[in-house]
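Worksheet: one structure, shown below.
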Amino acid sequence: MSAQRLSGKVALITGGTRGIGREFVERFAREGASVVFTGRSVDAGKEIEQEAKARGENVTFAAGSAASEDDVRAAVDLAVSTYGSLTTVVNNAAATHLTGPGRPDTKVADVSTDVFDEIVRIGLYGTFWAAKYAIPHLIAAGGGAIINISAASSVLSITGRPSYQASKGAINSLTRQLAVDYGQFGIRSNAIIVGFTNTGGEEMTKMVANEKLMAPVRKTIMLPRLGLSSDIASGAVFLASDEGSFITGVLLPIDGGLTCHLEMPDTASAAALGD
C-alpha cells in the first residue's frame with residue numbers, strides 16, 4: 003500500500019455530507035488526514051462519521067451551516083480541540099439548492115434580494131469566515147493550505163445564476179488575496195475551478211441519462227468523458243499535500259478542458275461555401 007499523502011494533516015471541510023464534499027471527506031481520511039466536516043444534513047453527517055470510524059479513520063461531523071458565522075467558527079474550534087491543530091481548510095459549501103434550472107437564482111431583474119443574499123452568504127461569507135477563523139491556527143501549525151471550491155461559471159458566464167456566479171467570482175479574488183497576504187506564514191491559498199461533474203446524486207443521474215440534454219454539454223468538454231467527484235478530490239488532495247507545497251494563488255481548472263474552449267462557427271466550412 004502506498005504512503006498516505008495527508009498523514010499528520012488536520013482538515014476542516016465545509017459542505018461535506020453529499021456529492022463532491024462527501025468525496026473530499028472520504029478521500030482525505032483515506033489519505034491519512036484527521037477530518038472535521040460540516041453540513042446541514044445531520045443524518046447524512048452522522049452516517050459518514052460512523053462509517054469512517056468503523057474503518058479506523060479520524061472523522062468528526064459538525065452539524066451546521068456555512069451561512070452562520072457562529073457555526074463556522076465552532077467547526078474550526080472543534081477541529082483544533084479534537085485533533086490538536088488545523089493545517090487544511092477546504093471551503094466547499096455552496097447554495098446549490100437555490101441555483102440551477104427551475105430554482106430561484108434566475109436573471110438579475112427577477113432574483114430576489116433574499117435569494118441573492120443567502121447564496122452569497124453561504125458561498126462567499128462562509129469561505130471568508132472559515133479562512134478568518136482558521137488562519138491563526140494555520141499560522142500556529144507553521145503553515146497550511148486553504149482550498150476554495152469555485153466553478154467554471156465564475157470565469158465563463160452562463161444564462162441565469164447571477165448570485166452563484168457572483169459568489170464564485172468573488173471567491174476567486176479572495177483566494178488570490180489570501181495567497182498574497184498570508185504566504186509569508188507558509189499558508190497556501192488555491193481554488194479549484196469545477197466544470198460539469200457527475201456527482202452521482204439522483205438529480206444528476208437523471209440528467210446524465212438524458213442524452214438529448216447531455217449532447218451540448220459533452221461538446222464543451224474536450225475529453226471523452228464527464229468529470230467525476232473523484233477527479234475533483236484528487237486535485238484537492240494534491241493541493242493539500244506536501245506535493246503542492248510551492249503552489250499558491252492558483253485557480254486550477256478540473257473541468258476536462260471546458261474553460262479552455264470557445265465554441266465558434268466552423269469557419270473552414272463557411273469559407274468553402276463561398277460568398
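Going from the sequence shown to the working numbering is simple: count from 1 and add 2.
Think of the CB as a built atom: it goes at the ideal place given N, C-alpha and C, for glycine as much as any other residue.
Is it buried or exposed for residue i, if we count other Cβ within 10 angstroms and need 16 for buried?
i	result
THR207	exposed
ASP183	exposed
SER243	buried
GLY102	exposed
HIS139	buried
THR115	exposed
LEU180	buried
ALA56	exposed
ILE176	For the record, residue 176 in the displayed sequence is Leu; it is not Ile. Looking at its Cβ environment, which holds 16 or more other Cβ atoms inside 10 Å, LEU176 is buried.
How about residue i and residue j: are their beta carbons less than 9 Å apart?
i	j	result
ARG20	SER43	yes
SER87	ALA133	no
ILE165	VAL219	Looking at the sequence shown, residue 165 is not Ile but Ser. No, the Cβ-Cβ distance between SER165 and VAL219 is not below 9 Å.
ALA96	ILE151	yes
GLU245	ARG7	yes
VAL210	TYR135	no
ALA54	VAL27	yes
ARG163	ASP107	yes
I'd like the list of long-range same chain contacts for residue i, defined as Cβ closer than 7 Å, with 5 residues on each side in sequence excluded.
i	result
ALA126	Correcting the residue identity first, residue 126 is Leu in this sequence and not Ala. Around LEU126: SER169, ALA172 and ILE173.
GLY259	ILE223, MET224 and LEU225
ILE24	It should be noted that the sequence gives Arg, not Ile, for residue 24. GLY18 and ILE50.
ALA5	none
Please list, in chain order, all residues of the same chain as residue i whose beta carbon is under 8 Å from its beta carbon, the five residues on each side excluded.
i	result
GLU71	TYR127 and TRP131
SER9	GLU33, GLY34 and ALA35
THR261	ALA154, VAL157, LEU158, ILE195, GLY197 and PRO255
Can you name, in chain order, every residue of its own chain whose Cβ lies under 6 Å from the Cβ of residue i, other than the five neighbours on each side?
i	result
LEU228	ASN200
THR62	VAL38 and THR84
ALA278	The structure shown does not extend to residue 278, since the chain is modelled only from 3 to 277, so the question has no answer here.
Determine which residues share a DSSP beta bridge with residue i and list them.
i	result
PHE118	Paired residue(s): none; PHE118 is not in a bridge.
ILE194	ILE151 and LEU254
GLY259	Paired residues: none, contrary to the question.
PHE130	Paired residues: none, contrary to the question.
ASN200	LEU230
ALA217	Per DSSP, none; premise fails for ALA217.
PHE39	ILE15 and PHE63
Tell me whether residue i counts as near the ligand NAD, meaning its Cβ is closer than 8 Å to at least one heavy atom of that ligand.
i	result
ALA211	No copy of the ligand NAD occurs in the structure displayed, which carries no ligand at all.
### Message
Counting beta carbon pairs with one atom in the stretch 170-181 and one in the stretch 146-155, are three or more of them shorter than 8 Å?
### Response
yes
### Message
Using a Cβ distance threshold of 8 Å, determine whether the stretch 37-56 contacts the stretch 250-266, with at least three qualifying pairs required.
### Response
no
### Query
Do the stretch 6-18 and the stretch 72-84 make contact, defined as three or more Cβ pairs closer than 8 Å?
yes
### Query
Would the stretch 85-93 and the stretch 136-148 be scored as touching if the rule is three or more Cβ pairs under 8 Å?
yes
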